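Down below is the structure, laid out as structure tokens.
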Amino acid sequence: MSAPAAPALPPAVQAKLDPYLLSALLSQFAHYDDHADGGSTPLVSVGFTVALPATGLTAASVQATLVGWLAEHAGARITEAHLLPLAHDARAAYVTADVSPALLLLLGAAPFVAELQLCANPLPRRPLPARPATPASPAAAPLRTANKKILATIDHGCAFAHQLLQNAGGTRVWALWDQDPRPDFDPAQGSTPVGYGYGRQVGRDVLNACVAPQPPVAGWNEDLCYARARYGAVQSRMTHGMWVTGLLGSALQSPSLTPSGHAEPYPAAADADLIFVQLPRAIPLAPGLGSIDRAVLDGLRYIADCAPNGAEVAVVIDYGTDMGPHDGSSWFERALDALTEELRVRRNVQLNVFYAAGNAHDAHRHAVSWGKARPPAIELAEPQTEPQVAAALPWWLPMGNAAPVAMELWFAEDAPPCRLSVQPPGGGAPLVIDVSQDWLGAPPGLLPAQCVVVSQRRRGPAGGAAWQRQVLIDVGPTQGPDAAGGAPAAPAGVWRITLTPHAGQRVQPVHAYTCWGGQNPGVPQRAQATRFIAPPDGVPQTGPVDVTGTGSILGSGCGSSNLVWMTGGYEHWGKHLRARYSSGGGVRGGKRAAPLGVPPHLGADWLAPTEQSSALPGLLMLGTRSASRSRGRGTSFAAPQAARQWLAGTLTTQPPPTHPQPGPYSVQRPRDEYDEPRIVYGNA
């Protein structure tokens, strides 16, 4: 992509760009998709905040400016539905867009744009083959239902023809919007939702015509149904989206959740319409922080546009980020808080968002430096004054990883008095920077396509300090390029991250997060997990660094809205202990934070069973065909249980009686695969 080099941008523009966008500009989008529409024109997905000043600019003038810019930049697109708050006297709007390099510069320099965030998909090695392009569908308004009870999912793969999702009127799925730039379904049968400008939506009438064609066809079955619909997302026998949708709307309760161990009728919220927003295929393959933010924010507003005024809506979201800041100050969390409040005030729509708490408790993806908890009374009576020692955090990257990875450091101070050393594997010279200053560049001997380090002052959480600091270490794939001339592989192995306080000064607790890795059902694996190295189970951690699952809940739902829920999982037997992977504990800031010294709490608003028994892991859930079931595990399958009970009015005010900490075997030892380094204690 021929994009402007980040260091060449004016400082005022650089300050508006988030660290991921600065990193992508420095590497010329080496590992991010810069063809957002699936075509050949350079377009990058971004999110930005329109902030109207107290005097001068008006909503009408801003919208006129944006319309003019779009007319001058072919292929660029703004999600106009997000500008609606400005027409109702709001002073700010959180907007998503696909922009050309030139339009990106215009937005960065615009006085009414307060910030810009990268929302492009990560681009792993061995990308999936390009899907065939289809003609654009005609534009039509989002498909609004008259039903004031709605259960919705933002995921991938909805088997709308499944018998357990049918009622007397056919499928319970009211609308299905495929967000992919090259979406499924017949272009002539679907439409492009007005205000969004991409993807394809299909309604219940079209889906029913595929489920039961008229006149009847002999031998018709679900395979033929999905072939007629041109819906390839359910070719696999299982999808994450169908597991979630089955728990959310099936006429029968999962055998894993009934006393008898057999599927039983489950009428809770059976009168609700189902709405499914299908994520772009790139997200289940290699989820990225910004790409998820954009897809989910668009999906939430679309679901709300399908709901009538006065509706009660429960949306299940299982795709989020493990990254920071975990205090409600991120661009997405502020946008989510604003959207739920806007709908409540303007349309009396209760948009309740049920997030999975995350599966990072035993994944070694969160660490805290200088964060040893002391009771508040002791801290007040005996404040710590002794010098802090350097905090060394080994970060392990597997060999042959096809996806780019990242880690973030979050400082409570905007100018923390310490140095950062980044030592890649291989024995080269480390990068050493003063964290109190903004910085952008690559470590010595590495190209920006291999690693970029960004230090940037970021806004603080509501009710806290005005500013804080984020350091991003953005690393490319450790797998070699697909073709000669491609970006070289980043070093695999142990990256040593060291923070050293300045002499005589102390640094407040620093939180480190690294990204998810794994495989989603029904799609190939490209992203392998990275982790912080910690001692084996039972060996106490000494020194200033704790690798801990406490505070590792999903970072997408730590805002201030009381309509955003976090749901974790527990074992459905014995003492009902929290599942070993279920993230919990207080986070850095915001309403889910726990002060130092306060006993740890669940970190989630609700827990639901996600483990059937010690012999049968996970839950038995619906497959993509009516005769099939399959097992899955994780907090993703707690969220739909809570959402359905909430809409049915049966969700009690307290979670089930569960132990606040996972059981004795909750944290697994590091694995030996890929020659992962081990820490051995004792005389060697």
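In the working numbering, the protein residues as written are 622 to 1305.
Virtual Cβ for every residue (Gly too), placed ideally from N, Cα, C.
Predicted model only: the values in this text are computed from it and were never measured.
Under 7 Å between C-beta atoms of residue i and residue j
i       : j       : result
ILE904  : VAL917  : no
MET1242 : TRP798  : no
ASP1016 : PRO1130 : The sequence as given places Trp at residue 1016; Asp does not occur at that position. Taking 7 Å as the Cβ cut-off, TRP1016 and PRO1130 do not qualify as a contacting pair.
PRO1145 : PRO1046 : no
VAL1128 : LEU1014 : no
LEU664  : GLY696  : yes
LEU785  : SER871  : yes
ALA714  : VAL671  : yes
LYS770  : PRO929  : no
SER877  : LEU1240 : yes
ALA907  : ALA1024 : yes
TRP1031 : GLY945  : yes
VAL1056 : LEU1067 : no
PRO640  : VAL1075 : yes
ALA645  : LEU739  : yes
Nearest to residue i (by Cα), restricted to the options the options
i       : options                               : result
TRP1116 : TRP1267, ILE1174, PRO1051 and ALA1087 : PRO1051
ARG752  : HIS982, GLY659, ALA651 and PRO929     : GLY659
LEU1184 : TRP1267, LEU1120 and ASP1055          : TRP1267
VAL688  : GLY909, ARG1080, ARG1209 and GLU701   : GLU701
ASN842  : SER1247, SER1257, ALA1269 and THR1271 : SER1247
ALA977  : THR1231, GLY824, ALA1011 and SER644   : THR1231
THR766  : GLN874, PRO1157, HIS694 and ILE924    : ILE924
PRO834  : ALA890, GLN822, ALA782 and ALA675     : ALA782
THR717  : THR813, TYR817 and ALA754             : TYR817
TRP1227 : GLU1192, ALA711 and LEU1272           : LEU1272
GLY1244 : ALA629, PRO631, LEU724 and ALA780     : ALA780
GLN883  : PHE1258, GLN1233 and VAL1092          : Looking at the sequence itself, residue 883 is His, so the reference to Gln does not match. Residue GLN1233 is the option with its Cα nearest to HIS883.
THR755  : PRO804, ALA735, ALA762 and CYS740     : PRO804
ILE896  : MET944, GLN874, LEU646 and PRO763     : PRO763
TYR940  : TYR847, ASN788 and PRO901             : PRO901
SER1177 : ASP958, ASP1059 and LEU726            : ASP958
GLN1091 : THR1099, ARG1078 and HIS1193          : ARG1078
ALA760  : TYR819, LEU739 and TYR641             : TYR819
ALA935  : ALA890, ARG968, MET944 and ARG915     : ALA890
SER775  : ASP914, HIS1132 and ALA984            : Per the sequence shown, residue 775 should be read as Ile rather than Ser. Of the candidates ASP914, HIS1132 and ALA984, the one whose C-alpha sits nearest the C-alpha of ILE775 is ASP914.
ASP919  : PRO888, THR879, VAL683 and VAL815     : VAL815
THR1121 : HIS1193, CYS1039 and VAL1053          : CYS1039
VAL734  : VAL683, ALA741, TRP690 and ALA711     : VAL683
Integer-rounded CB distance, given that residue j should sit under 8 Å from residue i
i       : j       : result
VAL827  : GLY811  : 7 Å
VAL898  : GLY931  : The Cβ separation is near 22 Å, so there is no contact.
ALA1263 : THR1169 : With 8 Å as the limit, ALA1263 and THR1169 do not qualify as a contact, their Cβ atoms being about 25 Å apart.
HIS982  : TYR1134 : Between TYR1134 and HIS982 the Cβ distance is about 13 Å, and since that is not below 8 Å, they are no contact.
SER721  : ALA1070 : No, SER721 and ALA1070 are not in contact; Cβ-Cβ is about 22 Å, not under 8 Å.
THR942  : LEU1175 : 7 Å
GLY949  : SER1181 : 6 Å
ASP1035 : TRP1088 : 4 Å
ARG922  : HIS656  : Contact flag wrong, Cβ pair sits at about 24 Å.
ALA1200 : GLY1207 : About 19 Å separates the two Cβ atoms, so there is no contact after all.
THR860  : GLY778  : 3 Å
ASN973  : GLN1100 : Contact doesn't hold; Cβ gap of about 41 Å is too wide.
Residue i, buried or exposed, once every other Cβ within 10 Å from all chains shown has been counted against 16
i       : result
LYS637  : buried
TRP1186 : buried
PRO997  : Per-residue confidence for PRO997 stands at a pLDDT of 46, beneath the threshold of 50, marking its modelled position as unreliable; the derived number appears in the next sentence. The residue in question, PRO997, is exposed, as its Cβ has fewer than 16 Cβ neighbours within 10 Å.
GLY1097 : buried
ASP1103 : exposed
GLY1224 : buried
THR1151 : buried
ASP892  : exposed
THR679  : exposed
GLU954  : buried
GLY1218 : Caution applies to GLY1218, whose pLDDT of 44 falls short of 50 and renders its modelled position unreliable; the value that the coordinates give is listed next. Exposed, since its Cβ has fewer than 16 Cβ neighbours within 10 Å.
THR1163 : exposed
MET709  : The amino acid occupying residue 709 in the given sequence is His; Met does not appear at that position. It counts as exposed.
ARG967  : exposed
ASN1141 : buried
GLN1126 : exposed
Residue i beta carbon near the ligand ATP (any heavy atom closer than 6 Å)
i      : result
PRO750 : Among the components of this structure there are no ligands whatsoever, and the ligand ATP is therefore not found.
Below-7 Å beta-carbon distance, residue i vs any chain C residue
i       : result
VAL1096 : Structure shown: chain C not included; a single protein chain is present.
Next on the checklist: I'd like the ranges of any alpha helix (DSSP H) spanning at least 4 consecutive residues and lying wholly in the segment 919-977.
Outcome noted: 952-968
Checklist entry - Which residue spans inside the segment 1052-1088 form an unbroken alpha helix (DSSP H) run of at least 4? => result none
Next on the checklist: Suppose only complete runs of 4+ residues qualify. What are the alpha helix (DSSP H) ranges in the segment 870-923, listed by chain order?
Outcome noted: 903-906
Item to check | Segments assigned beta strand (DSSP E), at least 3 residues, entirely inside the segment 823-876 | outcome: none
Checklist entry - Along the chain, which unbroken stretches of the beta strand (DSSP E) at least 3 residues long are found entirely within the segment 676-740? => result The beta strand (DSSP E) runs of length 3 or more contained entirely in the segment 676-740 are, from start to end of the chain, 713-720 and 734-739.
Checklist entry - Which runs of the beta strand (DSSP E) spanning at least 3 residues fall entirely within the segment 1207-1272, listed in chain order? => result As summarised for the segment 1207-1272, the continuous beta strand (DSSP E) elements at least 3 residues long and confined to that stretch are 1227-1232, 1240-1243 and 1250-1253, given in chain order.
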